[in-house]
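Encoded as structure tokens, the structure appears first; notes follow it.
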Amino acid sequence: MIEFDHITKTFKEKDRSFTALSDITLSIHEGEAFGVIGESGAGKSTLLRLINALEKPTKGSVTIEGVAVAHLSKADLRDMQKRIGMIFQQFNLLNNKTVAENVHLPLELHDYPDPLTTEEVLQFVGLEDKKNSYPSQLSGGQKQRVGIARALITRPDILLCDEPTSALDQNTTEEIVEVLKKAHKEFKMTIVVVTHELPVIKELCQRAAIMDQGEVREVIGVKRSDERGNVKPYHERAIEVLSNG
Amino acid sequence: MAESISLYIERVLEYLPRMLESLGETGIMLFFAMLAAILMGIPVGTLLYLTSSGQATENRLLNRIINALVNIIRSFPFLLLVVAMQPFIRQVYGRATGDPIAASFPMVVIAIALYARFVEQSLKEIPKGIIETAQSMGATTWQLVWKFLYVEARSSLVIGFTTAVISFVSYSTIMGVVGGGGIGDFAIRYGYQRYETDIMYTAIVLIIILVEIFQWLGLKLAKKLDKR
Chain A
1 MIEFDHITKT FKEKDRSFTA LSDITLSIHE GEAFGVIGES GAGKSTLLRL INALEKPTKG
61 SVTIEGVAVA HLSKADLRDM QKRIGMIFQQ FNLLNNKTVA ENVHLPLELH DYPDPLTTEE
121 VLQFVGLEDK KNSYPSQLSG GQKQRVGIAR ALITRPDILL CDEPTSALDQ NTTEEIVEVL
181 KKAHKEFKMT IVVVTHELPV IKELCQRAAI MDQGEVREVI GVKRSDERGN VKPYHERAIE
241 VLSNG
Chain B
1 MAESISLYIE RVLEYLPRML ESLGETGIML FFAMLAAILM GIPVGTLLYL TSSGQATENR
61 LLNRIINALV NIIRSFPFLL LVVAMQPFIR QVYGRATGDP IAASFPMVVI AIALYARFVE
121 QSLKEIPKGI IETAQSMGAT TWQLVWKFLY VEARSSLVIG FTTAVISFVS YSTIMGVVGG
181 GGIGDFAIRY GYQRYETDIM YTAIVLIIIL VEIFQWLGLK LAKKLDKR
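Protein chains in written order, with full-length UniProt numbering: chain A, 1 to 245; chain B, 1 to 228.
Below is the structure:
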């Protein structure tokens with residue numbers, strides 16, 4: 001369980017300060033897929049970054065299974081970060097490493113008790129034929145799948161997704177959401193996904209927090225539409241949208 | 001025409017042993033400068049980057065001290081740096097003039113300062129997301145540097161190194177003033193001071209060829225390393 005307890009985060013610039021999060025209290029249950037939705041500047045990315053201590057709260061505390069993240073020693077924080085995978089809007093792959101090297105990177109940093117192999121995880125995201133390619137040779141969707149594989153290889157307990165589909169077109173977005181759903185089902189980790197795209201939350205998450213101007217307005221249960229995602233080719237959808245007045 | 005060409009070739013052959021010796025001296029000075037750039041310039045430049053503001057390892061005091069040192073060395077007119085270092089070189093090495101190893105001391109100092117700046121610049125070009133990714137994986141500072149920063153910056157580091165080495169060639173031509181020798185000193189002594197202009201131009205062409213070779217090798221290697 002991840003708990004935010006009266007979190008406030010202010011960023012100080014030279015002459016003024018900016019409140020990104022004000023007095024947020026929230027809990028995310030173990031094993032659920034939790035969405036955080038809001039317009040850009042609502043503070044959702046900051047909220048996500050507090051979980052793995054990329055940001056530290058100004059006030060309040062974030063606890064994971066009762067342990068306050070901000071007050072851990074360097075070694076303990078590292079142990080905590082080892083249990084948390086993260087994927088990013090811009091993928092953040094190393095461009096000078098191959099797909100296989102990128103995916104294997106977390107295992108080069110630390111020992112993990114029960115990691116997947118590079119082959120297993122590349123197969124899981126459907127990129128086993130790209131293992132010797134470099135990121136510059138991949139499409140956006142493929143790059144994000146590499147990002148997901150890199151996060152999954154350590155079998156994290158928590159997977160943080162920071163605008164995972166915002167750099168992608170709609171069809172690729174659905175593809176990535178499918179991969180994330182499959183990962184959730186297979187590995188049963190807690191997923192926290194931050195996005196401004198409603199369909200991503202609708203398709204992936206059980207609950208969602210709606211954020212606005214640094215505050216959580218509401219936390220709601222997500223009802224999934226029964227109709228399966230309409231995965232039509234891009235050109236068909238373009239015709240549908242553009243030619244219907 | 002044919003006669004003057006054969007005369008020129010004869011003269012070049014006559015000076016060839018001394019020219020080769022001078023090239024050897026340049027080689028010694030460049031070797032120490034390059035070694036210093038790699039062994040010291042890279043760590044100092046990395047430290048400049050890691051201690052700069054906004055980094056997790058920010059350290060204002062250390063950053064200011066290194067910055068000041070690098071700036072002071074780089075703003076020294078090189079000839080004055082050479083002269084100013086004479087007492088120090090004499091202390092450490094026993095003699096300050098007359099051989100290329102003594103002349104390498106100022107080369108080493110400028111090499112570290114110059115390449116450290118290039119390294120810092122190269123590292124600054126790495127997208128912030130890469131550093132964030134390393135942090136999210138719980139990478140130590142050492143791992144951040146070796147497994148992320150140097151990997152992503154490697155072709156830019158090579159290009160910077162090439163530019164630095166070309167500057168070293170230029171700096172090395174001054175070393176004649178302290179008897180360090182080198183191809184630049186050769187050009188001045190035989191060509192300029194003894195009015196043997198053809199020999200001077202020959203030496204200058206050699207220097208240009210040397211620079212072109214470094215440039216070509218550097219770009220080729222950088223291109224090979226760059227998968228972006």
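Glycine included, every Cβ here is placed at the ideal spot set by N, Cα and C.
Item checked: Of the listed residues A:L50, A:N244 and A:V222, nearest to E132 of chain B (C-alpha basis) -> Of the candidates A:L50, A:N244 and A:V222, the one whose C-alpha sits nearest the C-alpha of E132 of chain B is A:L50.
Next item on the list: Out of B:T197, B:V205, B:T26 and B:Y15, point me to the one whose CA is closest to G179 of chain B's CA.
Entry: B:T26
Note to self: Distance cutoff 8 Å, beta carbons only. Does A113 of chain B sit that close to anything in chain A?
What the structure shows: no
Check: How should R145 of chain A be labelled, buried or exposed, when 16 other C-beta atoms within 10 angstroms of its C-beta is the threshold for buried?
Finding: buried
Notebook entry, point to check: Using a beta-carbon distance cut-off of less than 8 Å, what residues from the segment 128-139 of chain B approach chain A?
Noted result: G129, I130, E132, T133, Q135, S136, M137, G138 and A139
Next item on the list: With 8 Å as the limit, tell me which residues of the segment 188-203 of chain A have their beta carbon closer than that to any beta carbon of chain B; keep them in chain order.
Entry: Flagged: no residues at all.
Notebook entry, point to check: Who are the near neighbours of G24 of chain B in its chain, counting only those whose CB is closer than 6 Å to its CB and skipping five residues on each side?
Noted result: none
Margin query: Quick check on DSSP: helix, strand or coil for T197 of chain B?
Written below: Assignment of T197 of chain B by DSSP, reduced to helix, strand and coil, places it in the helix class.
Margin query: Under DSSP, the beta strand (DSSP E) around E3 of chain A begins and ends at which residues?
Written below: Where E3 of chain A is concerned, the enclosing beta strand (DSSP E) starts and stops at I2 to K12.
Margin query: Closest to K143 of chain A by C-alpha separation, out of A:T173, A:S17, A:D15 and A:K188, would be which residue?
Written below: A:T173
Item checked: Proximal residues of chain B, C-beta to C-beta of H110 of chain A below 7 Å -> G138
Check: Does the beta carbon of S136 of chain A come closer than 8 Å to any beta carbon on chain B?
Finding: yes
Next item on the list: Might you give, ordered along the chain, the residues of its own chain that have their beta carbon closer than 8 Å to the beta carbon of I207 of chain B, omitting 5 neighbours on each side?
Entry: Answer for I207 of chain B: V169, T173, I183, G184 and A187, listed in chain order.
Next item on the list: Determine the direct distance from the alpha carbon of Q123 of chain A to that of V192 of chain A, and round the result to whole angstroms.
Entry: 23 Å
Notebook entry, point to check: With distances taken from CA atoms, which of B:Q121, B:Q135 and B:F105 is nearest I42 of chain B?
Noted result: B:Q121
Item checked: Rounded distance between the beta-carbons of A70 of chain A and K56 of chain A, thought under 8 Å -> 5 Å
Next item on the list: Please list the partners that N52 of chain A has in chain B, where partner means a Cβ-to-Cβ separation under 9 Å.
Entry: The contacting residues are Q135, S136 and G138.
Notebook entry, point to check: By DSSP, does A167 of chain A sit in helix, in strand, or in coil?
Noted result: coil
Next item on the list: Could you tell me which uninterrupted alpha helix (DSSP H) segments, each at least 4 residues in length, are contained entirely in the segment 32-120 of chain B, listed from first to last along the chain?
Entry: 42-51, 60-75, 78-84 and 86-93
Check: Using CA coordinates, which residue listed in A:I37, A:Q89 and A:K74 is at the minimum distance from D169 of chain A?
Finding: A:Q89
Check: When the distance is taken between beta carbons, is R228 of chain B closer than 8 Å to N102 of chain A?
Finding: no
Checklist line | First and last residue of the uninterrupted beta strand (DSSP E) at E152 of chain B | finding: Where E152 of chain B is concerned, there is no enclosing beta strand (DSSP E), although the alpha helix (DSSP H) it sits in stretches over Y150 to S172.
Item checked: Cα-Cα separation, M1 of chain B to I9 of chain B -> 12 Å
Note to self: Using a 10 Å radius around the Cβ and a threshold of 16 neighbouring Cβ atoms, would you call N244 of chain A buried or exposed?
What the structure shows: exposed
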